Amino acid sequence: MKTIRTKDHNELFQEQEYLEQFENKREFEAPWPKEKVKEVAEWTKTVEYQEKNFSRKNIKINPAKACQPLGAIFCSSGFDGTMPFVQGAQGCVAYFRSHLNRHFKEPLAAISTSMTEDAAVFGGLNNMLEGLENAYTLYHPKMLAVCTTCMAEVIGDDLNAYIRTAREKDLIPKDLPVPFAHTPSFVGSYVNGYDNMMKGILSSITAGKKGEPNGKINVIMGFDTYTGDYHEIKRLLSMMGVDFTLLSDAGAIFDSPNTGEYKLYPGGTPLEDAMDSINAAATVALQQYSTFKTMDYIQKEWSQKALALSPIGVKNTDSFFEQLSKLTGKPIPQEIEDERGRAVDAMVDSHPYVHGKRFALVGDPDQLLGLVSFLMEMGGIPVHIVCSMGDKKFEEEMQDLLDSSPFGSEAKVYSGKDMWHLRSLMFTDPVDILIGNSYAKFLWRDTGTPLVRIGFPLFDRHHLHRYPIIGYQGVINLVTMIVNTILDEMDRKTMNTTSFDVIR
Amino acid sequence: MSTIIKDTQKMIEEVLDAYPEKAKKERARHLAANDPTGQCSACKVKANTKSRPGVMTVRGCAYAGAKGVVWGPVKDQITVSHGPVGCGQYSWWARRNYYNGITGVDTFGTMHITTDFQEKDIVYGGDKGLDAALHELKELFPLAKGIGILSECPVGLIGDDIEAVSKRVEKEFKIPIVPVRCEGFRGVSQSLGHHIANDTIRDYVLGKGTLEKSTPYDVALIGDYNIGGDAWASRKMLEEMGLRVIAQWTGDASVNELGIATKAKLNLIHCYRSMNYICRHMEEEYGIPWVEFNFFGPTKIYASIRKIASHFDDKIKENAERVIEKYKPVMDAVIEQYKPKLEGKKVMLYVGGLRPRHTVGAYEDLGMEIIASGYEFGHNDDYNRTYPVMKEGAVIMDDATLYELEEFTRRMKPDMVGAGIKEKYSYHKMGVPFRQMHSWDYSGPYHGFDGFPVFARDMDMTVNNPSWNLIRRKR
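Just so you know, the protein sequences line up as chains A and B, in that order.
Residue numbers for the first sequence follow the numbering used here, beginning at 1 and rising by one.
Residue numbers for the second sequence follow the numbering used here, beginning at 1 and rising by one.
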């Protein structure tokens, strides 16, 4: 039997009868005259509008950041058998879960204590006690990692005392690890939430575990939402023969194989290894901005060497391996050197399409630093760099990086600005390519600038997060994504001209 | 009590055994074996009560109900997420409430606009910043027809007076500035947010729009959020019946349409849960009758068209028959195509709003059977409307937890499950075909004659995709 061709929303609403419906509906909408709308639309592209846009101080429009507990949940979920547990209102947890579900296309369990009006008045103790008992009994975690929503923070819940009370009342076992972190949504963003939770977990579960040095290296990925990066770092460190502990292995949680069985806890950092991390030789973080407090703590309290090295781009990856080699005494193996050669070869092959291209970038601090470094290595010209969660330190660090290359001279760094600011910039000073997360697609729609999807969240393209962006393999993936976006755009623009070439 | 009901009850008891005593007692009230006749008193669930802490409820909050569901889709007003950055971010561009317009110029539906509270706002209050924010928005978006202030948790906790700010600014701007007290800690679920949003529509915009002329056939389409274009598909049918849809709430809605619904002769309500409040109000204050209808699947569509037409004259009644006659062959062809592939398949639903009962008929049109259904945030009146459409012994679940859903799935072995994004991927891991029934899994429309073929196609691709068979299970 011949299949009926079904028209869904993609086609249906472009049909004549719907177009007429939309036009007729205007009768009830009291719409602005079409000319007026057009006029305002054009005005939003002007320098005058940009000035107004940049003078606002009290409202954010399409910012590229989200709140602390999201990062905390992401961090704690990467430990084996660990249930993220959020003290506060329940809607937040529904949001954190769905946000991460949509990016990874993977399940995520997380608990809320469902605080309501009565908790606002009397405090959240009862919610915490019942929540811990229910979560432990029903979901059998090896660890419950507590963070907070803004509700619990505003009313000032005493997490430490509440958890102690739960143990005293035998609602949870005395020896069940229940680390906690305060993660107010009105301070910082998810990179800080990740940091606070990591420090909370490590300081709690390593307490009293100081012993013989284990000779290992601790590795912290930071708020890295590329599952490919987790697999990649394991592969690279194994190749180098480094004995390591990955602290929060989110790659194991958000990239679990389909075996026809739903596992609440599909893997992650074994708790014994995490407990022993205090005895490692050193700790290496692959992000700086999501690990400040943790690394400071490790340095001071554990007296370990703590290095933040972000291996995005060739030079950064070179430096990563050099430092790692120094730290461990292990030589960089030939296989990795070969990978470097392949990555550089790919860059050399593709450089004509990237050299001199102007870029706008929006994203998280560490990724932006890595991407800008990489682009300049290939002759790309960063122009607008927007970091909604950026601060003064980020601005300075980015400026130093830009100053280190002749390709960085056109760039301006916008800390604390949002994608509506970027929209103005892209109209008044157009660029060739935009790099950002899925939400940046409105900028592609409005300005026609092709978008390379790198960052978080990636909702509207599948599986990009499976491809590593760190290390030399990451370089090859970045080259591939960027150069092919440029070539796709070139084809689209030249398809009815003689320049529509088959060999590029 | 029949054996089939007893069997289901036994299964529910087994599932509940895992809970601690207090939670078990409480959860037992929310799970039942269905009795369509309504005679078995133990077969009714308790609804709209607080979720137990720690059990992993699927529910959201009042902000989600007010911002995400009711106010968010209103296209030509700016919706400000007032408070910290997260709530607005997580609900940004996510619900697929389609609309026509130029985003950022005369419409604002897919934008994330927030006051982004910092510590100083918590300490010193956010009213001053809000006032300034509203002024900045007016400068940047001069065509906005209104601004809604959707409160997040801290706003209510620190005692800000957003109503005073709104009142002051509204006088100055001469457009509705609507303070919505939908802090996430209020109430027990999204549901209170719907109610609060309805009340603010009533208080700030209802009755204030302009409509040049009226006809005897003016209706308002209420409780259709135009997910994947649902409301447009519904509107098309109503117009073909000869009715004039003067207001569409709130999918692709304009502020003006919120104002003029009071001029309708009849209010047509699809999502009863989220908008019955305003229909009751319009009935009491303006004498406008309202009628519930169901545009999922031909059986329910035919019945609904006739039910709606029965409120009008013979012309409309005749039109209704003509419309049915026109589309019946198309619907029959869809059924002929898909029913053989879906006949007898068992479906478990766990959704919100109207879907746990309204989609049952559409599945049945395709020969599928609903073996369990439940609401995230239903009330008793939702369940009373659900029992009769479900089979005897089906599981009725209120505010189900991840644990319960997984256990029921294991025991009842549905051929497909329809629920939300938080459930989706655990079902994928289980190898159970799954469809998001909040967002139509990025498809749609599912409403109306244009929606049913899409619904049928999607259920077929869900149940019958060959990749499910590649999953290699451990023996």
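Built from N, CA and C at the ideal position, the CB exists for glycine as well.
Model, not experiment: these values are computed from the prediction.
Is there at least one Cβ from chain B nearer than 8 Å to K262 of chain A's Cβ? What you label residue 262 of chain A is simply residue 262 of the first sequence in a count that begins at 1. First, the residue type needs correcting, since residue 262 of chain A is Tyr and not Lys in the sequence shown. By this cut-off, Y262 of chain A is an interface position.
Strictly under 8 Å for the Cβ-Cβ distance: is W92 of chain B near chain A by that measure? As a first step, residue 92 of chain B must be located in the second sequence, where it is residue number 92. So, interface residue.
Can you tell me the Cα-Cα spacing of D296 of chain A and A308 of chain A, whole angstroms? Locating residue 296 of chain A in the first sequence gives position 296, counting from the first residue. Locating residue 308 of chain A in the first sequence gives position 308, counting from the first residue. Looking at the two C-alpha atoms, the distance is approximately 11 Å.
Run through the DSSP bridge pairs and tell me what D218 of chain B is partnered with. Your numbering for residue 218 of chain B matches position 218 in the second sequence. According to DSSP, which records beta bridges pairwise, D218 of chain B is partnered with B:R244.
Positions along the segment 160-182 of chain A whose CB lies within less than 8 Å of some CB in chain B: none
Going along the chain, which residues of the segment 151-162 of chain B sit with their C-beta nearer than 8 Å to a C-beta in chain A? E152, C153, P154, G156, L157 and I158
Out of A:A152, A:G188 and A:V354, which has the shortest C-alpha to C-alpha gap to L478 of chain A? Indexing the first sequence from 1 puts residue 478 of chain A at position 478. Per the Cα distances, A:V354.
What residue from B:E369, B:Q89, B:S254 and B:A400 has the CA that sits closest to D106 of chain B's CA? Taking the first residue of the second sequence as 1, we reach residue 106 of chain B at position 106. Checked all of B:E369, B:Q89, B:S254 and B:A400; the closest Cα to D106 of chain B is B:S254.
Can you tell me whether G451 of chain B is buried or exposed, with buried defined as 16 or more other CB within 10 angstroms of its CB? Counting from 1 along the second sequence, the entry for residue 451 of chain B is found at position 451. Buried, since its Cβ has 16 or more Cβ neighbours within 10 Å.
Considering Y383 of chain B, what are the terminal residues of the alpha helix (DSSP H) in which it resides? The residue you call residue 383 of chain B lines up with position 383 of the second sequence. Unbroken alpha helix (DSSP H) run through Y383 of chain B: N380 to T386.
What residue range does the alpha helix (DSSP H) around V86 of chain A cover? What you label residue 86 of chain A is simply residue 86 of the first sequence in a count that begins at 1. No alpha helix (DSSP H) holds V86 of chain A; the beta strand (DSSP E) holding it covers T82 to Q87.
What are the uninterrupted segments assigned as beta strand (DSSP E) that are 3 or more residues long and contained completely in the segment 150-181 of chain B, given in chain order? 177-180
Which residue marks the beginning of the alpha helix (DSSP H) containing M416 of chain B, and which one marks its end? To locate residue 416 of chain B, count along the second sequence from 1; it is residue 416. No alpha helix (DSSP H) contains M416 of chain B, which is instead part of the beta strand (DSSP E) from M416 to A419.
Quick check on H421 of chain A: does DSSP put it in helix, strand or coil? On the first sequence, residue 421 of chain A is found 421 positions in, with the first residue counted as 1. It is helical.
Could you check whether the Cβ of K50 of chain B sits closer than 8 Å to any Cβ belonging to chain A? Taking the first residue of the second sequence as 1, we reach residue 50 of chain B at position 50. Yes, K50 of chain B counts as interfacial toward chain A.
CA nearest to the CA of P84 of chain B, picked from A:P457, A:S185 and A:P31: One-based indexing of the second sequence puts residue 84 of chain B at position 84. When only C-alpha atoms are compared, the closest one is A:S185.
Which of helix, strand or coil does DSSP assign to W249 of chain B? Along the second sequence, one-based indexing puts residue 249 of chain B at 249. W249 of chain B: strand per DSSP, three-state reduction.
Given a threshold of 16 other Cβ atoms within 10 Å of its Cβ, counted over all protein chains shown, does Q16 of chain A qualify as buried or as exposed? Mapped onto the first sequence, residue 16 of chain A falls at position 16. That one is exposed.
Just to confirm before moving on: does the CB-CB distance between V351 of chain B and G418 of chain B stay below 8 Å? Mapped onto the second sequence, residue 351 of chain B falls at position 351. Mapped onto the second sequence, residue 418 of chain B falls at position 418. Yes, the pair counts as a contact, with Cβ atoms nearer than the cut-off.
What alpha helix (DSSP H) runs, 4 residues minimum, are completely inside the segment 281-337 of chain B? 298-309
Chain-order list of residues whose beta-carbon lies under 6 Å from that of N279 of chain A (same chain, five-residue window excluded): As a position in the first sequence, residue 279 of chain A is number 279, starting the count at 1. Excluding sequence neighbours, N279 of chain A sits near G211, P213 and N214.
Rounded separation between G241 of chain A and T82 of chain A - CA only: Along the first sequence, one-based indexing puts residue 241 of chain A at 241. Along the first sequence, one-based indexing puts residue 82 of chain A at 82. Their backbone Cα atoms lie some 28 Å apart in a straight line.
Whole-angstrom C-beta distance between P179 of chain B and E163 of chain B, which should lie under 8 Å: Your numbering for residue 163 of chain B matches position 163 in the second sequence. Your numbering for residue 179 of chain B matches position 179 in the second sequence. About 5 Å; that satisfies the 8 Å criterion.
Assigned exposure category for M390 of chain B - 16 Cβ within 10 Å defines buried: One-based indexing of the second sequence puts residue 390 of chain B at position 390. M390 of chain B is buried by the Cβ-count criterion.
Using a threshold of 8 Å, state whether the C-beta atoms of A247 of chain B and A264 of chain B are closer than that. The residue labelled residue 247 of chain B in the question sits at position 247 within the second sequence. The residue labelled residue 264 of chain B in the question sits at position 264 within the second sequence. Cβ atoms of A247 of chain B and A264 of chain B: closer than 8 Å.
Buried/exposed call for A33 of chain B, threshold 16 Cβ in 10 Å: Here the question's residue 33 of chain B lines up with position 33 in the second sequence. Classification of A33 of chain B: buried, given that the 10 Å Cβ count is 16 or more.
Contact set between T44 of chain A and chain B, taken where Cβ atoms lie within less than 7 Å: As a first step, residue 44 of chain A is located in the first sequence; it is residue number 44 there, counting from the start. G104 and V105, listed in chain order.
Within its chain, find whatever has a CB closer than 6 Å to the CB of A343 of chain A; leave out the 5 residues flanking it on each side and keep chain order. Locating residue 343 of chain A in the first sequence gives position 343, counting from the first residue. Closer than 6 Å at the Cβ level, and outside the excluded window around A343 of chain A, lie Y472, V475 and I476.
Name the chain B residues that come within less than 8 Å of Q21 of chain A, Cβ to Cβ? The residue you call residue 21 of chain A lines up with position 21 of the first sequence. Within chain B, the residues near Q21 of chain A are W232, R235, K236 and E239.
Check the DSSP bridge columns for S373 of chain B and list the partner residues they point to. The residue you call residue 373 of chain B lines up with position 373 of the second sequence. Answer by DSSP bridge pairing, in chain order: B:L349 and B:I396.
Determine the closest residue to S204 of chain A out of A:D488, A:M398, A:F180 and A:L487, with distance taken between C-alpha atoms. The count along the first sequence starts at 1 and reaches residue 204 of chain A at position 204. Ranking A:D488, A:M398, A:F180 and A:L487 by Cα distance to S204 of chain A puts A:F180 first.
Close Cβ partners of D273 of chain A (< 7 Å) along its chain, the five nearest in sequence each way excluded: The sequence position of residue 273 of chain A within the first sequence is 273, counting from 1. Correct list, in chain order: T245.
Flag Q77 of chain B as yes if its beta-carbon sits less than 8 Å from any beta-carbon of chain A, otherwise no. Position 77 of the second sequence, counting from 1, holds the residue named residue 77 of chain B. Not one chain A Cβ lies under 8 Å of Q77 of chain B.
Along the chain, which unbroken stretches of the alpha helix (DSSP H) at least 4 residues long are found entirely within the segment 95-177 of chain A? 117-122, 125-139, 150-155 and 159-168
A42 of chain B, buried or exposed, once every other Cβ within 10 Å from all chains shown has been counted against 16: Here residue 42 of chain B corresponds to residue number 42 of the second sequence, with the count starting at 1. Classification of A42 of chain B: exposed, given that the 10 Å Cβ count is below 16.
Only counting the same chain, and skipping five residues up and downstream in sequence, which positions put a Cβ closer than 8 Å to that of L371 of chain A? Indexing the first sequence from 1 puts residue 371 of chain A at position 371. So the list reads I312, G313, L361, G363, I435, I454 and L478, once near-sequence residues are dropped.
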